[in-house]
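A.B. asks: Before we start, here is the structure in question, set down as structure tokens.
Numbering (the numbering used here), first residue to last: 1 to 139.
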């Protein structure tokens, strides 16, 4: 036979304690609860950060593999063009293609970056509303 589980401790008899003692105990319990919640949050964040770190490593490896693929395909294009023209000119043509590609990507990225607003507009507005409410809480 298994023994029944003991019921959780409860504090029903508080007749011997003053109100100050009860408030002090409540404050201590709330403080302990908040510390435990904070520790739980930290543990969850550490766990998620570890998963994010592994994923970031995989993305970095994929980026490196993509870079190597681009270099090797560029070399293949240089040698393919080298079959119909001098190798120096073939390399110059491939380099010029990459230069144009880089310039277009730079221009496009810079234009998109100019539209970014670093100021968190909604947060600033919310903080202004909160400050106004704190000044006049009855409105």
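For each residue, glycine too, the CB sits at the ideal point set by N, CA and C.
(1) Whose C-alpha, out of 73, 108 and 106, is nearest the C-alpha of residue 91?
(2) Just how far apart, CA to CA, sit residue 79 and residue 93?
(3) Helix, strand or coil, according to DSSP, for residue 100 in the structure here?
(4) For the alpha helix (DSSP H) containing residue 53, list its first residue and its last residue.
(5) Cα separation between residue 103 and residue 31?
C.D. replies: This is what the structure gives:
(1) 73
(2) 12 Å
(3) helix
(4) 19-82
(5) 58 Å
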